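Below is one structure, written out as structure tokens, with a few remarks after it.
Number of protein chains: 2
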Amino acid sequence: MIKVGILGYGNLGRGVEQAINMNDDMELFAVFTRRNPDSLKIKSETAKVLSVDGIENYKNDIDVLIICGGSATDLPEQTPKYVQTFNVVDSFDTHAKIPEHFASVDEMAKKSGKVGIISVGWDPGMFSLNRLYGNAILPNGKDYTFWGKGVSQGHSDAIRRIEGVVDAKQYTIPVDSALDAVRAGKNPELATREKHTRECFVVAADGADKAKIEQEIKTMPNYFADYDTTVHFITKEELDKNHSGIPHGGFVLRSGKTSDGVNHIVEYSLKLDSNPEFTASVLVAYARAAYKLNKERVSGCKTVFDIAPAYLSPKTNEELRATLL
Amino acid sequence: MIKVGILGYGNLGRGVEQAINMNDDMELFAVFTRRNPDSLKIKSETAKVLSVDGIENYKNDIDVLIICGGSATDLPEQTPKYVQTFNVVDSFDTHAKIPEHFASVDEMAKKSGKVGIISVGWDPGMFSLNRLYGNAILPNGKDYTFWGKGVSQGHSDAIRRIEGVVDAKQYTIPVDSALDAVRAGKNPELATREKHTRECFVVAADGADKAKIEQEIKTMPNYFADYDTTVHFITKEELDKNHSGIPHGGFVLRSGKTSDGVNHIVEYSLKLDSNPEFTASVLVAYARAAYKLNKERVSGCKTVFDIAPAYLSPKTNEELRATLL
Chain A
237 MIKVGILGYG NLGRGVEQAI NMNDDMELFA VFTRRNPDSL KIKSETAKVL
287 SVDGIENYKN DIDVLIICGG SATDLPEQTP KYVQTFNVVD SFDTHAKIPE
337 HFASVDEMAK KSGKVGIISV GWDPGMFSLN RLYGNAILPN GKDYTFWGKG
387 VSQGHSDAIR RIEGVVDAKQ YTIPVDSALD AVRAGKNPEL ATREKHTREC
437 FVVAADGADK AKIEQEIKTM PNYFADYDTT VHFITKEELD KNHSGIPHGG
487 FVLRSGKTSD GVNHIVEYSL KLDSNPEFTA SVLVAYARAA YKLNKERVSG
537 CKTVFDIAPA YLSPKTNEEL RATLL
Chain B
237 MIKVGILGYG NLGRGVEQAI NMNDDMELFA VFTRRNPDSL KIKSETAKVL
287 SVDGIENYKN DIDVLIICGG SATDLPEQTP KYVQTFNVVD SFDTHAKIPE
337 HFASVDEMAK KSGKVGIISV GWDPGMFSLN RLYGNAILPN GKDYTFWGKG
387 VSQGHSDAIR RIEGVVDAKQ YTIPVDSALD AVRAGKNPEL ATREKHTREC
437 FVVAADGADK AKIEQEIKTM PNYFADYDTT VHFITKEELD KNHSGIPHGG
487 FVLRSGKTSD GVNHIVEYSL KLDSNPEFTA SVLVAYARAA YKLNKERVSG
537 CKTVFDIAPA YLSPKTNEEL RATLL
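The listed protein sequences derive, respectively, from chains A and B.
Sequence positions in the first sequence follow the numbering used here and run 237 to 561.
Sequence positions in the second sequence follow the numbering used here and run 237 to 561.
As structure tokens, then:
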């Protein structure tokens, strides 16, 4: 059995707990928290809840630690720190800062002889893999990544910060006609506005100026100004009833030619009822890889690009060749 | 530059020649043939055409040999033979015999210190990878593979062997309603007949009994009896004009749950104008991997499951992390 620790018990940590239960070769040892452990109730009856202070004492009880913190401030500190003691996996998703995060994790992992796999999930993660495979196979081509339909936490938060907004949920939606043009091999050049639209469900405070809120959303730089945005004002009850899920997904396409007039379309898509539960499932598969790689005395920082697919599976290589190849 | 040899110059070998030209880090050294080399005209002006007899003399001129023979009789003999001298890649696609082929290539590759990558293409190949990733990430789920719309060479050949048939082309077509049920997360149990239909375009000899030919096709065991099959009789001119391409493609889906009522659909699809040209492009990407792995002193037989994605790309790991992750 691969013994797993979870650090952090938000949506992602809870998803990891569920994903571990789906895998017969894994068991949860403990959830580590920065809160008071007594205040935390977890689902697993056999696992402990422990304070992250003193986590090093469990060095021999844990094969892999899955770090479920946020990319803004938690992971840049936690992943290089805990890879000094454990094999770790994280879902660091600030694309622009990946090289920096990689370097700091790699330095510590090489010193400790552990494996740290970073930026695991679906984007970065499975989408990145499909971009790489597509580029390598069809070098004469173009990449397209579309996100949605799904909830963007960052955009929902941005709306909530507007004066007069009680609550809000924002959906990112790919533009069907753009997707269809890519699938038809037309290799379109697409502006930001042509790829995605944004749809917002907003609960306004009593007496708030809705026209002003709508205007503030639609003109917000970076978040909404470059998109066609629709704003719906609804009640708190409607929001809770119809928009409480965290679905997401998207599409990675590679369109490429192998000779004159001979075109190929490779399309990978995800339709996820729960963004954090799916991300957690990817983390757990890569936790298995971290464990297996470290058993082979591999150390250092890795990404999904560096890991042979067979490491993700509980099956032996012989079983994989006989059943899935 | 990675120097590549091609063994065999049918549709696949010609596709490999084109694919090498798409990759700036590769060059074709020679096409090796069992025919008289003087009878063969290739596209590349800088590469040689040589007899396969004496190929061992070019040991130091070739980094990877891409073997473009058939799976029935060529590859079981050629791949274990030539891996004694070269790093090799093949597209062996008889799924049931992969373990046997693996064992014979592995034995020879370990003796010679070379790398042999087998069963490269799209199925086996990219489809297999997606089955593995899907199974590892969503262990509580179901796999579906659909093929088409595309030309099945084996089924076309089977029709051509019927008395009174001059020529024929057979298309395998996935059933839309079955695909839609899978995409909707219904996890259907699908019989052979419910997944694919078969459409045949047949040129009959003058005076041939068309009703009898149609009956023979539709009742042919293994090939057609288990499917809903449509037969169209057309002229040789129509066949040449409208059915001369070799398109193919298909879909790999994984439908899985991460908790009660929380479902996820992962879908990978290919729409290929030319089956051999796409297969050739995958072979060339894995030829790069064979070269890089052997530089690291790796030897033995490998499949797509054993190869970290970064090996397929001409970019450095740093470039990949910065641009595609």
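Note that the Cβ used here is the ideal one computed from N, Cα and C, for glycine as well.
Quick caveat: nothing in here was measured; it's all calculated off a predicted structure.
Item checked: Runs of alpha helix (DSSP H) lying entirely within the segment 482 to 544 of chain A, each at least 4 residues, in chain order -> 511 to 531
Notebook entry, point to check: Just the Cα atoms here: how many angstroms apart are residue 453 of chain A and residue 393 of chain A?
Noted result: 12 Å
Notebook entry, point to check: Alpha carbon to alpha carbon, what distance is there between residue 324 of chain B and residue 318 of chain B?
Noted result: 7 Å
Next item on the list: Report the residue from A:345, A:447 and A:442 whose alpha carbon sits nearest the alpha carbon of residue 315 of chain A.
Entry: A:345
Checklist line | Simplified DSSP assignment, three categories, for residue 440 of chain B | finding: strand
Notebook entry, point to check: Beta-carbon separation of residue 429 of chain A and residue 462 of chain A under 8 Å?
Noted result: yes
Check: Which value, in whole angstroms, describes the spacing of the CA atoms of residue 536 of chain A and residue 334 of chain A?
Finding: 15 Å
Item checked: residue 335 of chain A: contacting residues in chain B (beta-carbon distance under 8 Å) -> 554, 557 and 558
Next item on the list: Give a yes or no on whether 8 Å exceeds the smallest Cβ distance from residue 507 of chain B to chain A.
Entry: yes
Next item on the list: Report yes or no: do three or more beta-carbon pairs, one from the segment 548 to 561 of chain B and one from the segment 274 to 289 of chain B, lie closer than 8 Å?
Entry: no
Check: How many angstroms separate the CA atom of residue 311 of chain A from the CA atom of residue 405 of chain B?
Finding: 57 Å
Next item on the list: Would you mind giving the Cβ-Cβ distance between residue 246 of chain A and residue 516 of chain A, rounded to the nearest angstrom? I have them listed as a contact below 8 Å.
Entry: 11 Å between Cβ atoms; not a contact.
Next item on the list: Note down, in chain order, every chain A residue with its Cβ under 9 Å from the Cβ of residue 504 of chain B.
Entry: 366, 502, 503, 504 and 505
Margin query: Could you compute how far the alpha carbon of residue 258 of chain A sits from the alpha carbon of residue 262 of chain B?
Written below: 44 Å
Checklist line | Start-to-end residues for the alpha helix (DSSP H) that takes in residue 414 of chain A | finding: 412 to 419
Check: For residue 352 of chain B, which residues does DSSP report across the bridge?
Finding: B:324 and B:537
Next item on the list: For residue 563 of chain B, decide whether its Cβ has a neighbour in chain A, counting only Cβ atoms nearer than 8 Å.
Entry: Missing from the structure shown is residue 563 of chain B; chain B here goes from 237 to 561 and no further.
Notebook entry, point to check: Quick one: complete beta strand (DSSP E) runs, 3+ long, within the segment 253 to 341 of chain A?
Noted result: 262 to 269, 284 to 287, 300 to 303 and 323 to 326
Item checked: Near-chain B residues of the segment 521 to 547 of chain A (beta-carbon distance less than 8 Å), N- to C-terminal order -> 521, 524, 539, 540, 541, 542, 543, 544, 545 and 546
Checklist line | Residues within the segment 373 to 403 of chain B neighbouring chain A, beta-carbon criterion of under 8 Å | finding: 373, 374, 375 and 376
Notebook entry, point to check: Does the segment 399 to 413 of chain A come close enough to the segment 494 to 512 of chain A to have 3 or more Cβ pairs within less than 8 Å?
Noted result: no
Check: Ends of the beta strand (DSSP E) at residue 428 of chain A?
Finding: Unbroken run through residue 428 of chain A is the alpha helix (DSSP H), 428 to 431; no beta strand (DSSP E).
Checklist line | residue 531 of chain B versus residue 300 of chain B - alpha carbon distance | finding: 12 Å
Note to self: Just to confirm, is the Cβ distance from residue 466 of chain B to residue 435 of chain B under 8 Å?
What the structure shows: yes
Next item on the list: Compute the beta-carbon to beta-carbon distance between residue 534 of chain A and residue 356 of chain A, rounded to the nearest angstrom, for a pair I have assumed lies under 8 Å.
Entry: That pair is no contact at about 16 Å.
Check: When DSSP builds the beta bridges, which residues end up paired with residue 239 of chain B?
Finding: B:263
Next item on the list: Between the Cα of residue 391 of chain B and those of B:497, B:241, B:460 and B:240, spot the shortest distance and give me the residue it belongs to.
Entry: B:460
Note to self: Just list the residues that DSSP pairs residue 434 of chain B with in beta bridges.
What the structure shows: B:408 and B:465
Note to self: Which residue wins for smallest C-alpha separation from residue 304 of chain B, given the options B:342, B:242 and B:294?
What the structure shows: B:242
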